[in-house]
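Counting in this note's numbering, the sequence shown runs from 260 upward without gaps.
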Amino acid sequence: EIIEAKVIPDEPLRFIYRRQAKLLQYTICEVRFHLFHEGVVELLDAIGATGISYYPTIIEHKREKRIITNYFGIQITGRYGDIEKSRGEIVPYIAPNGNVGHRIKGMYFTDDKWGGLDFSVGEKSSFVVTSERIMHLFNEHKISGANFIPLPEFLMQIS
């Protein structure tokens, strides 16, 4: 059964940003925390995006020596079923270091279980899946930091 989970911290979570690059509108910080700029949250709220909730953050930007408070942590509350790798196609893959290997092309869910929400994540996976309307919204507003790959084109490791 697909469920929706939600846990929101009582106080803003504090992050230390040590990268040299500037913060993007969608940023992954620390250990897989996803952060959206307040403008992105406003856009998502305006369309009534589903499967997502937000919590306040405080970001200490080490390089710029400043405190940033206009980013929100996001929690993906939508869920999809297990990934069924056997439905994908095994294709050759050239790694960035030049090594040749193979990947599975296509992400499919067992029994096609997906809650239909705008944002979802797997119970056993960290892949964030969005609806097409979210992809179009991000593209239309040129939201920096997001990379959308259609599920049939997605390449996964064989393991």
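Beta carbons are placed, not taken as given, at the ideal position from N, Cα and C, and that holds for glycine. Keep in mind it's a predicted model, so treat the numbers as computed, not measured.
Which term fits residue 328, buried or exposed, when burial requires 16 or more other beta carbons within 10 angstroms of its beta carbon? Start at 1 with the first residue of the sequence shown, and residue 328 comes out as number 69. When all chains shown are included, residue 328 counts as exposed.
DSSP state of residue 395 mapped onto helix, strand, coil: For the purposes of this step, residue 395 is taken as the residue at position 136 of the sequence shown. Three-state result, residue 395: helix.
Could you tell me the boundaries of the beta strand (DSSP E) in which residue 319 lies? Within the sequence shown, residue 319 is the residue found at index 60, counting from 1. Run containing residue 319: 311-320, per the beta strand (DSSP E) assignment.
Does the distance from the CB of residue 442 to the CB of residue 309 come in under 9 Å? Only positions 260 to 418 of the chain appear in the structure, and residue 442 is not among them; the question remains open.
Selection from 282, 296 and 332 that minimises the alpha carbon distance to residue 269: Locating residue 269 in the sequence shown gives position 10, where the first residue counts as 1. Considering only alpha carbons, the answer is 332.
Excluding the 5 residues preceding and the 5 following residue 416 in the sequence, name in chain order all residues of the same chain whose CB lies nearer than 8 Å to its CB. The residue labelled residue 416 in the question sits at position 157 within the sequence shown. Hits under 8 Å: 362 and 363.
Residue 337 - partner residues in DSSP beta bridges: What you label residue 337 is simply residue 78 of the sequence shown in a count that begins at 1. Beta-bridge partners of residue 337 (DSSP): 379.
Please name the residue, chosen from 272, 325, 414 and 320, that lies closest to residue 344 on a Cα-to-Cα basis. Here residue 344 corresponds to residue number 85 of the sequence shown, with the count starting at 1. In this structure, 414 is the residue among 272, 325, 414 and 320 with its C-alpha nearest to the C-alpha of residue 344.
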